[in-house]
Amino acid sequence: MGVLRDHPELALFLCLALGYLVGKLRVGPITLGGICGTLIVSLLLGAWTEVTVSDDVKTIFFALFIFALGYMAGPQFFANLNRKSLRFFALCGIELVSVLAIAFGLAKAFDLDVGTASGILAGAATESAVVGTATESIAKLSGLTQAQITEYQGHVATAYTVCYLFGLITIVIYTSQIMPMLLRVNLRDASRELWEKMRGGGGLEADERAALPGMVGRTYLVTAGDGRTVGALEAELDGRVTVEAVKRGSRLLTPAPGLELTLSDLVLLVGRRANVIEAGRLLGPETPGIPGVDTPLATSQVAVTEKTTDGLTVDQLQQAHPEFAADGVYVTEVLRGDQHLPAAGDTTLRRGDVLTLVGARSGLNKLVARIGAVVKNDATDFIYLGLGIAAGSLLGQVVVTFGDVPMSLGTGGGCLISGLLFGWFRSRKQTFGAFPPQAAGTIKDMGLAVFIACTGLVSGPQAWPLLKEYGALLPFAGIAMVLVPATLSLVVGRKLLKIEKPLLIGAIAGQQCSTPAITSVTQVAQSSVPMLGYTITYALSNFLLPLTGPILVGVLGA
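Add 4 to a position in the sequence shown, counting from 1, and you land on the number used in our numbering.
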């Protein structure tokens with residue numbers, strides 16, 4: 005094992021590889037995930053080999069993780085600070101108050117040290133970022149020796165590992181299996197019913213696609229309506245179809261509004277199927293695709309940047325811009341951060357959402373500039389990224405004194421706030437500061453995984469003594485700190501806030517920041533509808549839960 009001690013980078017990446025392998029193990033709907041797997045492997049390897057990793061490595065990778073986390077959550081965090089989202093904000097408030105109160109109560113009742121209490125908080129809340137913010141805060145406590153700091157930081161990692169395991173199992177089973185029974189609802193049927201209500205009928209299951217696509221292009225041979233102009237035809241159908249091409253003999257004509265259609269013209273129409281079929285009855289028989297007339301549909305990803313668009317539903321957006329109907333352009337997908345939302349008529353759009361628009365190129369180009377900006381997200385803007393992390397690091401060094409107590413955000417808190425602001429600012433005009441979701445996700449996961457591996461390697465020697473001392477308490481804490489806030493939110497959300505049942509279950513998974521839980525819920529529902537509630541609370545809790553670590557450390561260390 006001397007090789008690992010002499011080359012800590014080898015031990016570090018070995019922890020990542022084996023940890024993510026362990027994280028893939030599945031028992032029913034439960035998987036540990038790569039982060040928890042990495043911590044387990046690194047604790048075992050650290051206890052065995054006593055590998056030493058520089059604290060600078062932890063700091064750098066934690067800064068990358070927390071900035072990327074804030075960057076991805078920023079647009080929706082600020083967008084959700086409004087009256088419409090207050091009921092979901094209340095659920096996050098229940099989560100924060102509950103986990104802090106329970107962690108503080110356990111610490112006082114069982115005389116826990118600050119590291120163990122913080123690890124219980126992080127693990128039971130299934131929020132890995134709390135490990136980082138709490139660990140960093142412990143290092144800043146006055147009156148502790150370096151040996152005590154190292155010991156308490158090791159307790160954070162160990163308590164987190166055990167509580168995370170039990171907290172994860174509890175939140176997955178509770179949201180996907182028990183909550184539907186408590187609410188007396190078939191989650192699949194309720195999600196489908198709500199989906200049909202939102203989109204006006206005709207829902208699909210999660211693994212289904214329309215056998216007949218809603219938007220089509222068809223060519224017709226003009227045998228009736230000789231002399232009707234292109235503009236008159238489109239007006240007769242209330243602008244619900246567009247004429248994209250006209251072929252007369254061997255000539256391809258520009259379909260200007262004043263162009264008169266004559267017998268034997270070949271006309272390409274684009275629009276919703278029912279409207280295109282209706283238009284065909286006015287023209288003549290349908291024909292196979294004609295070379296030179298079969299104009300392909302274009303696709304464009306457009307970020308919602310206009311202030312007037314924020315808060316509109318998809319239907320309201322289309323009504324506000326008649327060009328959608330007139331030019332045959334349709335919204336086929338809504339992307340919020342890294343979450344795919346149904347492009348239903350009642351889906352509320354937020355500034356920073358990315359819409360996938362499909363339609364004829366001529367109409368698409370005219371519409372894009374009216375609602376936002378074409379997303380430029382093909383490569384990371386390292387200037388923007390570097391400035392953001394540097395600004396966050398500087399912000400974290402600011403010290404404010406309250407009485408005799410010096411307070412600072414630290415690198416974690418500073419980079420989190422910087423990430424929120426930089427991500428929000430980018431979303432307002434997505435023509436600069438690109439940080440593609442795949443790249444941001446990779447940086448976030450890599451940063452946290454390396455930080456966790458470093459923490460586990462250093463903390464390994466302290467793990468076994470802590471488990472012997474508090475072994476029975478940790479599983480109990482992991483279960484209780486999930487059940488209490490989740491149950492309170494279930495009662496308050498249904499009885500007082502009147503949140504629809506599928507959205508409420510998704511929102512409770514989001515307040516816990518539990519991706520495995522929402523994955524299991526959507527599998528049971530066979531629908532993405534619960535995701536609509538999840539995205540709001542997930543964005544809020546992603547920012548708020550990491551702040552509970554420094555709060556608990558500050559209270560217990562005072």
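Quick reminder that beta carbons are idealized off the backbone N, C-alpha and C, glycines included.
Since we're looking at a predicted model, the values are computed, not measured.
(message) On the CB-based measure, 16 or more other CB atoms within 10 Å of its CB, does S146 come out buried or exposed?
(response) exposed
(request) Go ahead and label D211 buried or exposed: buried means 16 or more other beta carbons lie within 10 angstroms of its beta carbon, across all protein chains shown. (result) Because the pLDDT of D211 is 41, which lies under 50, any placement of that residue in the model is unreliable, and the question is left without a value.
(request) Use the C-beta contact count for V101: other C-beta atoms within 10 angstroms, 16 or more gives buried, fewer gives exposed. (result) Per the 10 Å Cβ criterion, exposed.
(message) Along the chain, where does the beta strand (DSSP E) containing F42 start, and where does it finish?
(response) A small fix is needed here, since residue 42 is Thr in this sequence, not Phe. First-last for T42: 38-53, but that is the alpha helix (DSSP H), not the beta strand (DSSP E).
(message) Just list the residues that DSSP pairs R87 with in beta bridges.
(response) According to DSSP, R87 bridges with nothing at all.
(request) Could you tell me the boundaries of the beta strand (DSSP E) in which V245 lies? (result) Its beta strand (DSSP E) spans residues 245-252.
(request) Output yes or no for whether 9 Å exceeds the beta carbon distance between A111 and A126. (result) No. Outside cutoff.
(request) Quick one: grab the DSSP three-state call for V57. (result) coil
(message) What does the alpha-carbon distance come out to for the pair A394 and L198?
(response) 45 Å
(message) Considering just the uninterrupted stretch of the beta strand (DSSP E) at Y334, what are its terminal residues?
(response) 333-340
(message) Does the structure place the stretch 185-199 close enough to the stretch 225-241 that three or more beta carbon pairs sit under 8 Å?
(response) no
(message) Three Cβ pairs or more, each shorter than 8 Å: is that satisfied between the stretch 369-381 and the stretch 431-446?
(response) The way I'd put it, the stretch 369-381 does touch the stretch 431-446; three or more beta-carbon pairs between them come closer than 8 Å.
(request) Can you tell me which of the three DSSP states R255 falls into? (result) strand
(request) Throw me the rounded Cβ distance for the Y224 and L273 pair, which I believe falls under 8 Å. (result) 7 Å
(message) Mapping the DSSP letters down to three states, classify G418 as helix, strand or coil.
(response) It is helical.
(message) Which residue marks the beginning of the beta strand (DSSP E) containing G400, and which one marks its end?
(response) Careful: G400 lies outside any beta strand (DSSP E), inside the alpha helix (DSSP H) at 386-400.
(message) Do T303 and V362 count as a contact pair if the criterion is CB distance below 9 Å?
(response) yes
(request) Could you tell me whether the Cβ atoms of L501 and A94 are closer together than 9 Å? (result) yes
(request) Please list, in chain order, all residues of the same chain as E238 whose beta carbon is under 7 Å from its beta carbon, the five residues on each side excluded. (result) V245, T246, V247
(message) Nearest by alpha-carbon distance to F480: which of T42, C167, A67 is it?
(response) C167
(request) State the start and end residues of the unbroken alpha helix (DSSP H) segment that holds G262. (result) Looking at the DSSP string, G262 is not in any alpha helix (DSSP H), and its letter there is neither H nor E.
(message) Using the three-state DSSP reduction, which class does A383 fall into: helix, strand or coil?
(response) coil
(request) Within the stretch 496-530, note down every full alpha helix (DSSP H) run reaching 4 residues or more, in order along the chain. (result) 505-515, 519-529
(request) For G204, name the three-state secondary structure that DSSP assigns. (result) With a pLDDT of 43 at G204, under the threshold of 50, the modelled position of this residue cannot be trusted; read the value that follows with caution. Coil, per DSSP.
(request) Just mark K499 as buried or exposed, buried being the case when its beta carbon has 16 or more other beta carbons within 10 Å. (result) exposed
(message) For a test of the three-state rule: what should DSSP assign to A444, helix, strand or coil?
(response) helix
(message) If I follow the unbroken alpha helix (DSSP H) through A278, where does it start and stop?
(response) 277-287
(request) Starting from the Cα of I43, find the closest Cα among R30, I483, T162, A529 and give me that residue. (result) Strictly speaking, residue 43 in this sequence is Leu, with Ile absent from that position. Ranking R30, I483, T162, A529 by Cα distance to L43 puts T162 first.
(message) Quick check on Q305: does DSSP put it in helix, strand or coil?
(response) strand
(request) Please work out which residues of its chain come closer than 6 Å, Cβ to Cβ, to F170, disregarding the five sequence neighbours upstream and downstream, and give them in chain order. (result) The answer, listed in chain order, is P479, G482, I483.
(request) With DSSP as the reference, please indicate the residues paired to E290 in a beta bridge. (result) Y224
(request) Given a cut-off of 9 Å, decide if L391 and F547 are closer than it, judged by their beta-carbon atoms. (result) no
(request) For F92, I'd like the list of residues in its chain whose CB is within less than 6 Å of its CB, leaving aside the five on either flank, ordered along the chain. (result) A511, I540, T541
(message) Report the CB separation of C96 from L544 in whole angstroms; it is logged as a contact under 8 Å.
(response) 4 Å
(request) Starting from the Cα of P12, find the closest Cα among L461, L549, I456 and give me that residue. (result) Cα-wise, what sits closest to P12 is L461.
(message) Tell me the residue span of the beta strand (DSSP E) that contains V378.
(response) 376-378
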